[in-house]
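Engineer: Taking our numbering, the leading residue of the sequence shown gets 35, the next gets one more, and so forth.
Can you read through this structure? Questions will come right after.
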Amino acid sequence: MINREIHFAQRPSPQPSLDCFKLVENELGEELKDGQVLVKNLWMSVDPYMRPRMNDVKSYIPPFQLDHVLEGGAIGVVEKSNNPKLPVGTHVESMNGWREYFVSSGKGLGIRDTSTIAPQDYLGILGMPGITAYVGTKILGEAKAGDTVYVSGAGGAVGSLVCQIAKALGCTVVGSAGSDAKVEWLLNTAKIDAAFNYKTEADFAAKLAALCPKGIDLFFDNVGGSQLDGALLSMRKNGRAILCGTIEDYNEAPEKRHGVKNLFKVVALGVTMKGFVVLDYMAEHHQAFTADMAKWRSEGKIDWQETVYEGVDKAPEAFLGLFNGANLGKMLVKLAD
Ligand SMILES: NC(=O)c1ccc[n+]([C@@H]2O[C@H](COP(=O)([O-])OP(=O)(O)OC[C@H]3O[C@@H](n4cnc5c(N)ncnc54)[C@H](OP(=O)(O)O)[C@@H]3O)[C@@H](O)[C@H]2O)c1
Numbered sequence: 035m036i037n038r039e040i041h042f043a044q045r046p047s048p049q050p051s052l053d054c055f056k057l058v059e060n061e062l063g064e065e066l067k068d069g070q071v072l073v074k075n076l077w078m079s080v081d082p083y084m085r086p087r088m089n090d091v092k093s094y095i096p097p098f099q100l101d102h103v104l105e106g107g108a109i110g111v112v113e114k115s116n117n118p119k120l121p122v123g124t125h126v127e128s129m130n131g132w133r134e135y136f137v138s139s140g141k142g143l144g145i146r147d148t149s150t151i152a153p154q155d156y157l158g159i160l161g162m163p164g165i166t167a168y169v170g171t172k173i174l175g176e177a178k179a180g181d182t183v184y185v186s187g188a189g190g191a192v193g194s195l196v197c198q199i200a201k202a203l204g205c206t207v208v209g210s211a212g213s214d215a216k217v218e219w220l221l222n223t224a225k226i227d228a229a230f231n232y233k234t235e236a237d238f239a240a241k242l243a244a245l246c247p248k249g250i251d252l253f254f255d256n257v258g259g260s261q262l263d264g265a266l267l268s269m270r271k272n273g274r275a276i277l278c279g280t281i282e283d284y285n286e287a288p289e290k291r292h293g294v295k296n297l298f299k300v301v302a303l304g305v306t307m308k309g310f311v312v313l314d315y316m317a318e319h320h321q322a323f324t325a326d327m328a329k330w331r332s333e334g335k336i337d338w339q340e341t342v343y344e345g346v347d348k349a350p351e352a353f354l355g356l357f358n359g360a361n362l363g364k365m366l367v368k369l370a371d
């Protein structure tokens, strides 16, 4: 059987391009050893965190290795099995994305119930982006009724959920995103209180100040850099800034990254800044997240959007699209029906 997969061909310097990826075909043996399963991937995720993993630097997760298949979240179905715990037809989540098929001993595979849940939801609203939004907003951000919440990157997977979780908790929500279509979705579907296109706004900080006249109680930051700097000017006394990501700088060389110039606002206003990596919070908060999300969805409080590319050969394009705003909601690659 022929498997197609994407290998890491070259490190970005610093802009990633299609040259960083190589489509490789290989033959998977027909025979499975005892305990092994053959998994056909149905969906794979591309995520911004993969970009820092392309740099050869130590971080909370090891860098990708050149000339190896890339890794990332995927959901697939067991097609052949020599493992009684994983019969044919079982849906499994793994970190073996960027490939069509793989053989596994079963280690690292999570069984997922798809009887009432779309398989790809485990990579999005019910998966890593969903719990990131939940932990950052409700647990660490302590969003509560009456707060003014500002969300950068508001049209993406995490940001779109942060906006709606904050609305469900009774907050006034302002979001920014990089296209008029995303702004329209934020206002008319997510029904947040105000939204603007940061790419066409001449004075980001002035616009944000005008939309948050009482100041920002909770800032959920997906972008960092100039947006973090601008938002600090509008923080309220004892406000909270939850730093989730700094995508504005992921493709910048270290010396070109945006510095924060308004840090004194943190001092003067007693602002709390808290960064986090969701992996550190998943086990503790997964149950509450699932229960709250199910409740909010049943109450019609959460809309969920996906942007889908088809075929493993399109995965690099989908990944690069994260850096020019090609996605509304979660960016996904569909690999098979
Ligand atoms: N801390 C954690 O554990 C954790 C977990 C998941 C994700 N994250 C972080 O959360 C953020 C969002 O992740 P996601 O998975 O939901 O991705 P996403 O928001 O669905 O996709 C990325 C979006 O970032 C925006 N963007 C790209 N380059 C930008 C730039 N230079 N300036 C401003 N915006 C830019 C684009 O939207 P526009 O059209 O608005 O430009 C793009 O659609 C990322 O920073 C990611 O690294 C952190």
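Beta carbons: idealized from backbone N, C-alpha and C, even for Gly.
Given the structure is predicted, the values throughout are model-derived calculations rather than measurements.
Quickly, what does DSSP pair Glu344 with across the bridge? List them, please.
Structural biologist: DSSP lists Lys368 as partners of Glu344.
Engineer: Expressed to the nearest angstrom, what Euclidean distance is found between the alpha-carbon atoms of Ile5 and Leu245?
Structural biologist: A question about residue 5 goes unanswered here, because the residues of the chain that appear run from 35 up to 371.
Engineer: Going residue by residue through the stretch 183–238, where are the continuous beta strand (DSSP E) segments of at least 3 residues, counting only ones entirely within it?
Structural biologist: Counting only runs of 3 or more, we get 206–211, 228–231.
Engineer: For ligand 1, any of its heavy atoms closer than 7 angstroms to the Cβ of Ser93?
Structural biologist: For ligand 1, not one heavy atom lies less than 7 angstroms from the Cβ of Ser93.
Engineer: What does DSSP give as the partner residue(s) for Leu72 in the beta ladder?
Structural biologist: For Leu72, which the question treats as bridged, DSSP gives the partners Lys114, Val137.
Engineer: Lys241: buried (16+ other C-beta within 10 angstroms of its C-beta) or exposed?
Structural biologist: Flag for Lys241 reads buried.
Engineer: With 16 as the cutoff for other CB atoms within 10 Å, does Val71 come out buried or exposed?
Structural biologist: By the neighbour-count rule (16 or more Cβ atoms within 10 Å), Val71 is buried.
Engineer: Let me check one thing: in DSSP terms, what residues is Lys308 bridge-paired to?
Structural biologist: DSSP output for Lys308 lists Ile276 as bridge partner(s).
Engineer: Should Ile95 be labelled buried (16 or more other beta-carbon atoms within 10 Å of its own) or exposed?
Structural biologist: It counts as exposed.
Engineer: Rounded to whole angstroms, what is the Cα-Cα separation between Ala229 and Val257?
Structural biologist: Rounded to the nearest angstrom, the two C-alpha atoms are 16 angstroms apart.
Engineer: Are there three or more Cβ pairs, one per stretch, closer than 8 angstroms when the stretch 105–117 is compared with the stretch 155–169?
Structural biologist: Short answer: they touch.
Engineer: Could you check the C-alpha separation between Lys364 and Glu64 for me, to the nearest Å?
Structural biologist: Cα to Cα, Lys364 sits roughly 35 angstroms from Glu64.
Engineer: Since Ile165 is in the alpha helix (DSSP H), which residue starts that stretch and which ends it?
Structural biologist: Per DSSP, Ile165 belongs to the alpha helix (DSSP H) from 162–168.
Engineer: Is it buried or exposed for Glu282, if we count other Cβ within 10 angstroms and need 16 for buried?
Structural biologist: Buried.
Engineer: Note the first and the last residue of the continuous alpha helix (DSSP H) segment covering Leu252.
Structural biologist: Segment 250–255 is the beta strand (DSSP E) holding Leu252; no alpha helix (DSSP H) there.
Engineer: Starting from Phe323, trace the alpha helix (DSSP H) in both directions and tell me its first and last residue.
Structural biologist: Taken as a continuous stretch (DSSP letters only), the alpha helix (DSSP H) holding Phe323 covers 316–332.
Engineer: Can you tell which of Glu113, Leu174, Ala200, Thr182 has the C-alpha that lies nearest to the C-alpha of Thr249?
Structural biologist: Sequence inspection shows Gly at residue 249; the Thr mentioned does not correspond to that position. Cα-wise, what sits closest to Gly249 is Thr182.
Engineer: Does the distance between the C-beta of Tyr156 and the nearest non-hydrogen atom of ligand 1 fall short of 7 angstroms?
Structural biologist: No, the beta carbon of Tyr156 sits no closer than 7 angstroms to any heavy atom of ligand 1.
Engineer: Taking 7 angstroms as the cut-off, is the beta-carbon of Phe323 closer than that to any non-hydrogen atom of ligand 1?
Structural biologist: No, ligand 1 has no heavy atom inside 7 angstroms of this Cβ.
Engineer: To which residues does DSSP link Val301 through a beta bridge?
Structural biologist: Its beta-bridge partners do not exist; DSSP assigns none.
Engineer: Relative to ligand 1, is the shortest distance from any of its heavy atoms to the C-beta of Gly280 smaller than 7 angstroms?
Structural biologist: For clarity, residue 280 is Thr in the given sequence; the question names Gly instead. Checking every heavy atom of ligand 1 against the Cβ of Thr280, one is found closer than 7 angstroms.
Engineer: Could you check if Phe298 is buried or exposed, using at least 16 other CB atoms within 10 Å of its CB as the buried criterion?
Structural biologist: By the neighbour-count rule (16 or more Cβ atoms within 10 Å), Phe298 is not buried but exposed.
Engineer: Given this structure, state the Cα-to-Cα distance separating Glu61 from Glu39, to the nearest angstrom.
Structural biologist: Their backbone Cα atoms lie some 11 angstroms apart in a straight line.
Engineer: Just checking Asn89 against ligand 1 - is the residue's beta carbon closer than 7 angstroms to any of the ligand's heavy atoms?
Structural biologist: No, ligand 1 has no heavy atom inside 7 angstroms of this Cβ.
Engineer: Can you tell me where the alpha helix (DSSP H) holding Ser260 begins and where it ends?
Structural biologist: Counting along the chain, the alpha helix (DSSP H) containing Ser260 begins and ends at 259–266.
Engineer: Got a sec: does ligand 1 put a non-hydrogen atom nearer than 7 angstroms to the Cβ of Pro46?
Structural biologist: Because no heavy atom of ligand 1 lies under 7 angstroms away, the Cβ of Pro46 does not count as near it: no.
Engineer: Using CA coordinates, which residue listed in Val346, Asn358, Gly359, Gly304 is at the minimum distance from Met78?
Structural biologist: It is Val346.
Engineer: Please confirm whether any heavy atom of ligand 1 lies closer than 7 angstroms to the CB of Ser213.
Structural biologist: At least one heavy atom of ligand 1 is nearer than 7 angstroms to the Cβ of Ser213, so yes.
Engineer: Evaluate Gly131 with the Cβ neighbour count: other Cβ atoms within 10 Å of its Cβ, from every protein chain shown; 16 or more gives buried, anything less gives exposed.
Structural biologist: Gly131 is buried by the Cβ-count criterion.
Engineer: In the structure shown, what three-state DSSP assignment does Arg45 receive?
Structural biologist: The answer is coil: DSSP assigns Arg45 none of H, G, I, E or B.
Engineer: Less than 8 angstroms separating the beta-carbons of Asn285 and Phe357?
Structural biologist: Cβ atoms of Asn285 and Phe357: closer than 8 angstroms.
Engineer: Looking at ligand 1, does it come within less than 7 angstroms of Met365, judged from the CB to the closest heavy atom?
Structural biologist: Yes.
Engineer: Any contact of the stretch 299–310 with the stretch 255–273, i.e. 3+ C-beta pairs under 8 angstroms?
Structural biologist: Segments in contact, yes.
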